[in-house]
Amino acid sequence: MKQEFKIIANIIEKNTRVLDVGCGDGTLMEFLQNNKEIDIRGIEISKDNVQKCIGKGLTVIEGDAEKDLSQFPNESFDFVILSQTLQAFLNPEKVISELLRVGKKAIVTIPNFGYWKVRIHLLIKGTMPVTRTLPDEWYNTPNLHMCTIQDFFNFCEKRKIKLDKSIAFQNLKSSKITNSNLILKNLTSALGIFLIEK
Amino acid sequence: MNKEVKIKSLIIDKPLKLDCGQTINNFPLAYETYGSLNEKKDNAILVFHALTGDQFISGINPITNKDGWWSYAVGPDKAIDTNKYFIICANVIGGCLGSFGPSNTNSKTNKIYGTNFPIITINDMVNAQYNLLEFFKIEKLFAVIGGSMGGMQVLQFVNNFPDKAKVAIPIACTSSHSAQNIAFNELGRQAIMADANWLNGDYSNQNKNPNKGLSVARMAAHITYLSKNGLQEKFGRKLQERDDLKFSFDTDFQIESYLRYQGSVFVDRFDANSYLYITRAMDYFDLAKENDGNLSRAFENTKTKFLVISFTSDWLYPSSENKEIVIALNAIGADVGFVEIESDKGHDSFLLDIPAFLDTLSDYINTSYLKN
Chain A
1 MKQEFKIIAN IIEKNTRVLD VGCGDGTLME FLQNNKEIDI RGIEISKDNV QKCIGKGLTV
61 IEGDAEKDLS QFPNESFDFV ILSQTLQAFL NPEKVISELL RVGKKAIVTI PNFGYWKVRI
121 HLLIKGTMPV TRTLPDEWYN TPNLHMCTIQ DFFNFCEKRK IKLDKSIAFQ NLKSSKITNS
181 NLILKNLTSA LGIFLIEK
Chain B
1001 MNKEVKIKSL IIDKPLKLDC GQTINNFPLA YETYGSLNEK KDNAILVFHA LTGDQFISGI
1061 NPITNKDGWW SYAVGPDKAI DTNKYFIICA NVIGGCLGSF GPSNTNSKTN KIYGTNFPII
1121 TINDMVNAQY NLLEFFKIEK LFAVIGGSMG GMQVLQFVNN FPDKAKVAIP IACTSSHSAQ
1181 NIAFNELGRQ AIMADANWLN GDYSNQNKNP NKGLSVARMA AHITYLSKNG LQEKFGRKLQ
1241 ERDDLKFSFD TDFQIESYLR YQGSVFVDRF DANSYLYITR AMDYFDLAKE NDGNLSRAFE
1301 NTKTKFLVIS FTSDWLYPSS ENKEIVIALN AIGADVGFVE IESDKGHDSF LLDIPAFLDT
1361 LSDYINTSYL KN
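Quick mapping for you: the protein sequence lines, in order, are chains A and B. Counting from 1, position 182 in the first sequence corresponds to residue 182 in the numbering used here; the numbering is continuous, with no gaps. Counting from 1, position 51 in the second sequence corresponds to residue 1051 in the numbering used here; the numbering is continuous, with no gaps.
Here you go:
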C-alpha cells in the first residue's frame, strides 16, 4: 500500500521523532526513513517480523502495543503511527489513549467497515464481509473491533479527541473528509486516515 | 594447565583503583585478537566473556584443545565475521587464564594470592579492559558485545565510557543479580569452601586442589544454564549404559553422568578461587544502584545504539530482566532494539548454533557497520 504510506509521509514533519506501532516487517518504517529526515522507532509483536526489521537495521523492539507502550514516557514522540491495526486490539480505546500519551500526535488508519462493498456483502450474501482490505473469514480474522469512518468520527467527538486531518482513501485516490461529506465518504472509501491529538 | 601455551598479555602499569578501595598496578591482562584492524580503525569489536569463559573465543582454544567458547558466532564468515572485523577479547581480572587473578603470585610474599586477592567488580573488569583501546590506539570501538556476565560488562562499559562504542549488544543478561542468582552463586561458593582441600583459599600454596567442591559448583551452575524442557528432551529418565536401576548411588541416570562429566572437565581448566571472585563480582553488580536507583541514568549521556537479545527459555536471566534494560533505555529515548529469540536451550542458547539468533546478530552488526 505505497499510496497510504505517501499520505502518512506527507503528514509527518521533518526532523521529528516517530514511533510505528505494529510496524510489521518494517516496510513503512523503511519508506519513511528513506523519504523523510526523521528518527523512527518501531514496536512489533511478531518475532519473525522483529528479526526482519533488525536485519534491515531498523530500531525495533519486540512487544505488545497493548501493554508495552507504557514504557515510553509522555510525549516522547512527535508522531505515533498505527497503520490498520486498531481493530485487532482487545481494547482499542485504551490503545488510542496510550498513543496520545506517548505521542504529541497520532496517525491512525482504519479499514472502513462502512465501505459500500462491505455493506453490500453483508446485505446480499448475508455473511461476514471478505474484501481486499479485510481478507479473513469471521472465524480466523485478527480483527476484533471493526469500525467505520463515521464510528471513528463519533468516537473522537465523545472522547474529545481533536481530529486535525481526516483523509478518505479509495482506488489510489485520497480526499478530505469533512462534516458535510462524511456520509458519502463513509460509503465510498475503503480506508480512513486520521491525524489526531488530545 | 599446559604451561607451554603462549598467552598474549598486556602489562597495565597505570594504577587501577578498585571498587573495594585497593589500587593495583603493573598487572597482566591476557587477551586474544581475531581478524585485523583496518586503517580507519573503525572495525574493532570488544567481546566480553561470561563467568567461566576466556579470551579464546574462536578457533581452537590452546589450553583445552577444544573449540573456542563462541565458535558458532565468531570466525570467518560467521555472525561476527573475522574477515571484516577486528575482534578483541580479554580474560577478566580475577580470572585464571593469564589475567591478574587469585592464582597469581604476590611478589611481596612470594605466595599465591588465594583469598588475599582483592575483591573485584564488573566495573573493575571493564576499567581494566579499557586499557586495550589505548594499547591498540582505537579511538572508538565499533561494538561491544557479550552474553551473560559479558552482557553485564557491555552495560557497564557504556555507563563508564558513553562515547567509546558505536553499538552495544548485551545478550541474555541483567542489570542486577536477583536473589535467585545470588542464591545459586552462593551454593557454588559453599560447595568449594566445603571441600577440605580448599584450605581457606590457600590450597595452591599447599599443593592441594578443591576439585570436588569446584566440580559440584559447576554441576549446580550447569543446571541453571539449561531449561527444564531441554534437559527432559535430551536426557529424560534415560539410563546410563545399563538396562535397569542398580539400587545404588552410582550414575544410574544419563543426566547424572552428564553433570559429573561437566564437573570433572571444568576443574582441569578453572581455578576454584577465581570461581569465588567472579561469582562475587556478578552478585555485586547493580547498575541501577550505581546510578542512584535509576537505571536510565547509566545511559543518559550516550549515543551508543543498543540491541538487547534474550531467549524464551532462559530462566537465569529471563526476558523480563532483559526488558528492564530496554525500558530504561526507552525512557530516555535511546536507540534500542529488542528481540526475544525462541529457543528451548535455556541460558546457554547464546553459546549455541541457533540460526534465528546468529542471523539477527549478523544482520544487525553488518547493517550497523554500513551506517558508519
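C-beta: ideal position from N, C-alpha, C; glycine also. Note that the structure is a prediction, hence the values are computed from the model and not measured.
Q: Determine the contact status of B:Val1158 and B:Ile1145, defining contact as a CB-CB distance below 8 Å.
A: Here residue 1158 of chain B refers to the residue found at position 158 of the second sequence. Here residue 1145 of chain B refers to the residue found at position 145 of the second sequence. Cβ atoms of B:Val1158 and B:Ile1145: not closer than 8 Å.
Q. In chain B, what lies closer than 9 Å to A:Val50 by C-beta?
A. As a first step, residue 50 of chain A must be located in the first sequence, where it is residue number 50. Within 9 Å Cβ-Cβ: Gly1337, Phe1338, Val1339, Glu1340 and Thr1360.
Q: Using only alpha-carbon positions, find the residue among B:Lys1111, B:Tyr1085, B:Met1152 and B:Val1005 that is nearest to B:Ser1380.
A: With chain B covering 1001 to 1372 only, the question about residue 1380 of chain B has no answer from this structure.
Q. Do you know whose CA, among A:Asn140, A:Leu184 and A:Val102, lies nearest A:Glu75's CA?
A. Position 75 of the first sequence, counted from the first residue, corresponds to residue 75 of chain A. Out of A:Asn140, A:Leu184 and A:Val102, A:Val102 has the C-alpha closest to the C-alpha of A:Glu75.
Q: Using alpha carbons as the reference points, say which of B:Ala1073, B:Pro1102, B:Leu1051 and B:Asp1019 lies closest to B:Ser1204.
A: Translated into positions along the second sequence, residue 1204 of chain B becomes position 204. Closest by alpha carbon: B:Pro1102.
Q.
Comparing C-alpha positions only, which one of A:Asn181, A:Phe169, A:Ser46 and A:Leu32 sits nearest to A:Gly24?
A. Here residue 24 of chain A refers to the residue found at position 24 when the first sequence is read from its first residue. Among A:Asn181, A:Phe169, A:Ser46 and A:Leu32, the Cα nearest to that of A:Gly24 is on A:Ser46.
Q. Going along chain D, which residues have a C-beta under 9 Å from B:Tyr1364?
A. The structure shown has no chain D; the protein chains it does contain are A and B.
**Q.** Simplified DSSP state of B:Glu1032, which is helix, strand or coil
**A.** On the second sequence, residue 1032 of chain B is found 32 positions in, with the first residue counted as 1. Here B:Glu1032 sits in strand by DSSP.
Q | B:Pro1355 to B:Asn1366 span [Cα, whole Å] | A | Within the second sequence, the letter at position 355 stands for residue 1355 of chain B. Within the second sequence, the letter at position 366 stands for residue 1366 of chain B. If you take the alpha carbons of B:Pro1355 and B:Asn1366, they lie about 16 Å apart.
Q.
Considering only their Cβ atoms, is the gap separating A:Leu100 from A:Ile196 smaller than 8 Å?
A. Reading the first sequence from its first residue, position 196 is the one you call residue 196 of chain A. Reading the first sequence from its first residue, position 100 is the one you call residue 100 of chain A. Cβ atoms of A:Ile196 and A:Leu100: closer than 8 Å.
Q: Pick out the complete beta strand (DSSP E) segments inside the stretch 1190-1224 of chain B, 3 residues or longer, and give them in chain order.
A: none
Q: Output yes or no for whether 8 Å exceeds the beta carbon distance between A:His145 and A:Phe89.
A: By one-based count along the first sequence, residue 145 of chain A stands at place 145. By one-based count along the first sequence, residue 89 of chain A stands at place 89. Yes. Within cutoff.
Q) With C-beta atoms as the reference, is A:Asp78 less than 8 Å away from A:Arg17? A) Residue numbering aside, residue 78 of chain A sits at position 78 when the first sequence is read from its first letter. Residue numbering aside, residue 17 of chain A sits at position 17 when the first sequence is read from its first letter. Yes, the pair counts as a contact, with Cβ atoms nearer than the cut-off.
Q) Is it the case that the CB of B:Asp1250 approaches a heavy atom of the ligand ADP more closely than 7 Å? A) Ligands displayed in this structure: none; no statement on the ligand ADP is therefore possible.
Q. For chain B, is any of its Cβ atoms less than 8 Å away from the one on A:Glu37?
A. Along the first sequence, one-based indexing puts residue 37 of chain A at 37. It does not: the Cβ of A:Glu37 has no partner Cβ on chain B nearer than 8 Å.
Q.
Using a Cβ-Cβ distance cut-off of 8 Å, determine whether A:Ser76 contacts chain B.
A. Residue 76 of chain A sits at position 76 when you count from the first residue of the first sequence. Chain B, which has a Cβ nearer than 8 Å to the Cβ of A:Ser76, makes this yes.
Q) How would you list, in chain order, the residues of chain A whose beta-carbon sits under 9 Å from the beta-carbon of B:Ser1320? A) To locate residue 1320 of chain B, count along the second sequence from 1; it is residue 320. None at all; the shortest Cβ gap to chain A is about 12 Å.
Q) Quick one: Cα of B:Asn1110 to Cα of B:Lys1208, how far? A) As a working mapping, residue 1110 of chain B is identified with position 110 in the second sequence. As a working mapping, residue 1208 of chain B is identified with position 208 in the second sequence. Spanning the two alpha carbons is a distance of roughly 17 Å.
Q: Assign B:Glu1241 to one of two classes, buried (16 or more other C-beta atoms within 10 Å of its C-beta) or exposed (fewer than that).
A: Against the second sequence, residue 1241 of chain B aligns to sequence position 241. It is exposed - the Cβ of B:Glu1241 has fewer than 16 other Cβ atoms within 10 Å.
Q) By the 10 Å Cβ neighbour count, where 16 or more other Cβ atoms means buried, how is B:Cys1020 classified, buried or exposed? A) Indexing the second sequence from 1 puts residue 1020 of chain B at position 20. The residue in question, B:Cys1020, is exposed, as its Cβ has fewer than 16 Cβ neighbours within 10 Å.
(Q) For chain A, check one thing: does any of its Cβ atoms lie closer than 8 Å to the Cβ of B:Gly1146? (A) Working through the second sequence from its first residue, we reach residue 1146 of chain B at position 146. Taking Cβ atoms only, chain A never reaches closer than 8 Å to B:Gly1146, which makes this a no.
Q. Could you give the residue range of the alpha helix (DSSP H) that holds B:Ala1272?
A. Within the second sequence, residue 1272 of chain B is the residue found at index 272, counting from 1. B:Ala1272 -> alpha helix (DSSP H) spans Ala1272 to Tyr1284.
Q. With 16 as the cutoff for other CB atoms within 10 Å, does A:Asp164 come out buried or exposed?
A. Here the question's residue 164 of chain A lines up with position 164 in the first sequence. A:Asp164 counts as exposed, since fewer than 16 other C-beta atoms from the protein chains shown sit within 10 angstroms of its C-beta.
Q | Exposure label - B:Tyr1261; buried when at least 16 CB within 10 Å | A | Here residue 1261 of chain B corresponds to residue number 261 of the second sequence, with the count starting at 1. Exposed.
Q.
Can you give me the C-alpha to C-alpha distance between A:Gly55 and A:Phe5, rounded to a whole angstrom?
A. Taking the first residue of the first sequence as position 1, residue 55 of chain A is located at position 55. Taking the first residue of the first sequence as position 1, residue 5 of chain A is located at position 5. Straight-line Cα distance between these residues: approximately 21 Å.
(Q) For a test of the three-state rule: what should DSSP assign to B:Pro1355, helix, strand or coil? (A) Here residue 1355 of chain B refers to the residue found at position 355 of the second sequence. DSSP places B:Pro1355 within a helical segment (H, G or I) once states are collapsed to three.
(Q) Can you list, in chain order, the residues of its chain with a C-beta nearer than 8 Å to that of B:Lys1014? Leave out the 5 residues immediately preceding and following it. (A) Within the second sequence, residue 1014 of chain B is the residue found at index 14, counting from 1. Cβ within range, chain order: Asn1025 and Asn1131.
Q | Given A:Ile7 as reference, the closest of A:Thr188, A:Lys94 and A:Ser174 once Cα atoms are compared | A | For this step, residue 7 of chain A is matched to residue 7 along the first sequence. If we check each option's Cα against that of A:Ile7, A:Ser174 comes out closest.
Q. For the stretch 65-90 of chain A, which residues have a beta carbon sitting closer than 8 Å to at least one beta carbon of chain B?
A. Gln71, Phe72, Pro73 and Ser76
Q: Measuring only between beta-carbons, confirm whether B:Thr1367 sits less than 8 Å from chain A.
A: Indexing the second sequence from 1 puts residue 1367 of chain B at position 367. B:Thr1367 counts as touching chain A.
Q. When the Cα atoms are used, what is the spatial distance from A:Gln71 to B:Phe1338?
A. To locate residue 71 of chain A, count along the first sequence from 1; it is residue 71. To locate residue 1338 of chain B, count along the second sequence from 1; it is residue 338. Taking the straight line from one Cα to the other gives about 13 Å.
Q) Beta-carbon separation of B:Ile1309 and B:Ala1172 under 8 Å? A) Locating residue 1309 of chain B in the second sequence gives position 309, where the first residue counts as 1. Locating residue 1172 of chain B in the second sequence gives position 172, where the first residue counts as 1. Yes, Cβ-Cβ distance for B:Ile1309 and B:Ala1172 is below 8 Å.
Q) Any idea what DSSP makes of A:Gly103, helix, strand or coil? A) Your numbering for residue 103 of chain A matches position 103 in the first sequence. Three-state DSSP puts A:Gly103 in a strand.
Q: Reducing DSSP to helix, strand and coil, say where B:Ala1079 ends up.
A: Walking along the second sequence from the start, residue 1079 of chain B turns up at place 79. Note: B:Ala1079 maps to coil in three-state DSSP.
Q) Along chain B, which residues have their Cβ under 8 Å away from the Cβ of A:Glu62? A) Within the first sequence, numbered from 1, the residue matching residue 62 of chain A stands at position 62. Those are Phe1338, Val1339 and Glu1340, listed as they occur along chain B.
Q | Buried versus exposed call for B:Met1001 [16 or more other C-beta atoms within 10 Å across all chains shown] | A | By 1-based counting over the second sequence, the position of residue 1001 of chain B is 1. Only weak support is given to the placement of B:Met1001: the predicted model assigns it a pLDDT of 47, under 50, and the question is left unresolved by the model.
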